[in-house]
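Asker: This is the structure, below, for whatever I ask next.
There are 2 protein chains.
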Amino acid sequence: MLVKSQVKYIQSLSQKKFRDEEGVFVAEGPKIINELLAGNGAIPAAVYATTEWIKDNTAIISKHGTENFHEISYQELERISFLSTPNDVLAVFKKPLFDQEINPAQSLILVLDTIQDPGNLGTIIRCADWFGIKQIICNTGSADNFNPKVVQSTMASVARVEVIYTDLIRFLADYGGVQVYAAALNGKPLSEFRSIDHGILIVGNESKGISEEVMAFSTDCVTIPRFGKAESLNAAVATGIILSGFRS
Amino acid sequence: MLVKSQVKYIQSLSQKKFRDEEGVFVAEGPKIINELLAGNGAIPAAVYATTEWIKDNTAIISKHGTENFHEISYQELERISFLSTPNDVLAVFKKPLFDQEINPAQSLILVLDTIQDPGNLGTIIRCADWFGIKQIICNTGSADNFNPKVVQSTMASVARVEVIYTDLIRFLADYGGVQVYAAALNGKPLSEFRSIDHGILIVGNESKGISEEVMAFSTDCVTIPRFGKAESLNAAVATGIILSGFRS
Chain A
0 MLVKSQVKYI QSLSQKKFRD EEGVFVAEGP KIINELLAGN GAIPAAVYAT TEWIKDNTAI
60 ISKHGTENFH EISYQELERI SFLSTPNDVL AVFKKPLFDQ EINPAQSLIL VLDTIQDPGN
120 LGTIIRCADW FGIKQIICNT GSADNFNPKV VQSTMASVAR VEVIYTDLIR FLADYGGVQV
180 YAAALNGKPL SEFRSIDHGI LIVGNESKGI SEEVMAFSTD CVTIPRFGKA ESLNAAVATG
240 IILSGFRS
Chain B
0 MLVKSQVKYI QSLSQKKFRD EEGVFVAEGP KIINELLAGN GAIPAAVYAT TEWIKDNTAI
60 ISKHGTENFH EISYQELERI SFLSTPNDVL AVFKKPLFDQ EINPAQSLIL VLDTIQDPGN
120 LGTIIRCADW FGIKQIICNT GSADNFNPKV VQSTMASVAR VEVIYTDLIR FLADYGGVQV
180 YAAALNGKPL SEFRSIDHGI LIVGNESKGI SEEVMAFSTD CVTIPRFGKA ESLNAAVATG
240 IILSGFRS
């Protein structure tokens, strides 16, 4: 059974301020939660699930210790869910801890200049995970990677890709001396960039692109050749296409 | 000023049934609407805009005939908008008419097996437009391309890419004899597919992939090589990456 204070606590986690204070985030649905619990370094603080999910996942539950798993009714799940159609299980996870050096001379780092749409950020994180990118740098005006909508779009990649929020200008000034690729509409075609496994790739805001001050740090502009009439590509799609090109 | 019947009419257009009966769809915001009005074959049935938008777009208005443009207050816009933050202008457009033969022996056609998320479908339509794909075939269980959320994600590509809803099995049986590429996790790497400008590309459902019956028509399975740990890619991102590979 759910008590009032639990409902209030989970609802408060829709706000970044409380997520930061508590060092936790919320994920929902068997697909994401089971992957996170299967051993991706994500530690559950509390899992609220229907009888069905509990029955199907006894091995996972005993692995993590039964004390953190709470059986609730679907009606109770509806009270705590951030989804319009709640999906069997909701979990509060401790934010993952990453202990990895930032070194664009050795690995490819993705820099996002103000990605504001939570779905786009989540999809970019998932995509970065697919292509083996381990670190994303965002400026402080971007969506929060632990926002419930972002978490849902990452699938379980939220626990595998480190997202660092900082001043991009300072970051780029500190980590200069490497190739800095900027996604732009008037650069060299993507096919000229092959086997790129280190450096920095900058992707810009959904409507404004990359700001002038950030663009000043770029050493190469990368363009996805256009064959039709769309004015632009979705930011997550563009990121995926460029990362795929870089890895080929 | 808005009258009650106009509010009711526009609200009814959130439903596919009424959009189909009326042969119209709704778009919102200056970015999409101005592009549609700039001459992409989209004919406005009624445009509702704030004083500001009206002032900034006198040339567009006189081009299309002033009788279809209605100046309304922001409060009135809030009553008809499908967005949480209404954006200066909402327009009802007549659905575009396409008069093009389906010929996968000459051009690349995209087949979507049950894409259900409106944002994904819209992003795929926009992406198809970027890569010069003019026709998308969806089965009837897919999101409707004129759903307001889909329209917003397409940007203005909704007017340039024809989306046909039909039985995929019958379609694939009728248009056989060409290469049929299926996006899958266990196929040949994308880099083996270059300069592909005709045939059929099938992309599957967000969680279930391509159904067995549809997959039976494929002649080649295409895989985007994975370098990290994500279990899958977002359907729109995967479509973009494959189309980019096919065009390179």
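Here the protein sequences line up with chains A and B, keeping their order. Position 115 (the first sequence) corresponds to 114 in numbering that gives the first Met the number 0; numbering is contiguous. Position 45 (the second sequence) corresponds to 44 in numbering that gives the first Met the number 0; numbering is contiguous. By construction, the Cβ of each residue, glycine as well, lies at the ideal position given by its N, Cα and C atoms.
#1: Any beta carbon from chain A within less than 8 Å of residue 223(B)'s own beta carbon?
#2: Do residue 181(B) and residue 220(B) count as a contact pair if the criterion is CB distance below 8 Å?
#3: Comparing the C-beta of residue 129(A) with each C-beta of chain C, is any distance below 8 Å?
#4: Alpha carbon to alpha carbon, what distance is there between residue 230(A) and residue 137(A)?
#5: Looking at C-alpha atoms only, which residue of 35(B), 176(B) and 69(B) is the closest neighbour of residue 92(B)?
#6: Any idea what DSSP makes of residue 232(A), helix, strand or coil?
#7: Since residue 91(B) meets chain A, which of its residues come closer than 7 Å, beta carbon to beta carbon?
#8: Given that residue 118(B) touches chain A, what residues does it touch there, using C-beta distances under 7 Å?
#9: Along the chain, where does the beta strand (DSSP E) that runs through residue 136(B) open and close?
#10: Between the stretch 70–98 of chain B and chain A, which residues of the former have a C-beta closer than 7 Å to a C-beta of the latter?
#11: Pick out the complete beta strand (DSSP E) segments inside the stretch 43–96 of chain A, 3 residues or longer, and give them in chain order.
#12: Pull the bridge partners of residue 24(B) from the DSSP assignment, please.
#13: Candidates 101(A), 141(A) and 94(A): which alpha carbon is nearest residue 158(A)'s?
#14: Please report the straight-line C-alpha distance between residue 146(B) and residue 168(A), rounded to a whole angstrom.
#15: Alpha carbon to alpha carbon, how far is residue 226(A) from residue 102(A)?
#16: Can you look up residue 182(A) in the DSSP assignment and give me helix, strand or coil?
#17: Buried or exposed, going by whether 16 or more other CB atoms sit within 10 Å of the CB of residue 244(A)?
#18: By Cβ distance below 8 Å, which residues in the same chain neighbour residue 59(B) in space, the five residues on each side in sequence not counted?
#19: Starting from residue 8(B), trace the alpha helix (DSSP H) in both directions and tell me its first and last residue.
#20: Give the straight-line distance between the Cα atoms of residue 106(B) and residue 129(A), rounded to the nearest whole angstrom.
#21: By the criterion of Cβ-Cβ separation under 8 Å, what are the contact partners of residue 226(B) in chain A?
#22: Could you tell me whether the stretch 74–90 of chain B touches the stretch 47–57 of chain B, where touching means 3 or more Cβ pairs closer than 8 Å?
#23: Identify the continuous alpha helix (DSSP H) that holds residue 161(A) and give its terminal residues.
#24: Hey, is the stretch 106–122 of chain B in contact with the stretch 66–84 of chain B, meaning 3+ C-beta pairs nearer than 8 Å?
#25: Of all the residues that make up the stretch 184–210 of chain A, which are near chain B by a beta-carbon distance shorter than 8 Å?
#26: Give the residues of chain B in contact with residue 236(A), contact being defined as C-beta atoms less than 7 Å apart.
#27: Can you list, in chain order, the residues of the stretch 43–54 of chain A whose Cβ is nearer than 7 Å to any Cβ on chain B?
#28: Using only the alpha-carbon positions, how far apart do residue 154(A) and residue 57(B) sit?
#29: Could you give the first and the last residue of the continuous beta strand (DSSP E) run that contains residue 121(A)?
#30: Alpha carbon to alpha carbon, what distance is there between residue 78(A) and residue 84(A)?
#31: Between residue 124(A) and residue 156(A), how many whole angstroms is the CB-CB distance? I'm expecting something under 8 Å.
#32: Note down, in chain order, all residues in the stretch 3–14 of chain A with a beta-carbon under 9 Å from any beta-carbon belonging to chain B.
#33: Of all the options 143(A), 151(A) and 176(A), which has the alpha carbon lying nearest to the alpha carbon of residue 163(A)?
#34: Is residue 198(B) buried or exposed, if buried means 16 or more other CB atoms sit within 10 Å of its CB?
#35: How many angstroms separate the CA atom of residue 133(A) from the CA atom of residue 127(A)?
#36: With burial defined as no fewer than 16 other Cβ atoms inside 10 Å of the residue's Cβ, what is the status of residue 185(B): buried or exposed?
Answerer: Walking through what the data contain:
#1: yes
#2: yes
#3: Reference to chain C is not applicable here, since the protein chains of this structure are A and B.
#4: 25 Å
#5: Of 35(B), 176(B) and 69(B), the residue nearest in Cα terms is 35(B).
#6: coil
#7: The premise fails here: residue 91(B) is roughly 22 Å from chain A at the closest Cβ pair, so nothing lies under 7 Å.
#8: 118
#9: 134–137
#10: none
#11: The stretch 43–96 of chain A contains, as complete beta strand (DSSP E) runs of 3+ residues, the segments 68–70 and 88–93 (chain order).
#12: Per DSSP, 92(B).
#13: Measuring from the Cα of residue 158(A), the nearest candidate turns out to be 94(A).
#14: 40 Å
#15: 36 Å
#16: strand
#17: buried
#18: 33, 36 and 37
#19: Here the alpha helix (DSSP H) through residue 8(B) covers 3–11.
#20: 30 Å
#21: The contacting residues are 129, 130, 131 and 246.
#22: yes
#23: Unbroken run through residue 161(A) is the beta strand (DSSP E), 161–164; no alpha helix (DSSP H).
#24: no
#25: For the stretch 184–210 of chain A, the set of residues with a beta-carbon nearer than 8 Å to any beta-carbon of chain B comprises 189, 190 and 206, in chain order.
#26: 122, 126, 235, 236 and 239
#27: none
#28: 46 Å
#29: For residue 121(A), there is no enclosing beta strand (DSSP E); the residue is found in the alpha helix (DSSP H) stretching over 117–129.
#30: Looking at the two C-alpha atoms, the distance is approximately 11 Å.
#31: 5 Å
#32: Cβ contacts with chain B come from no residue of the stretch 3–14 of chain A.
#33: 143(A)
#34: Residue 198(B) should be labelled buried.
#35: 7 Å
#36: exposed
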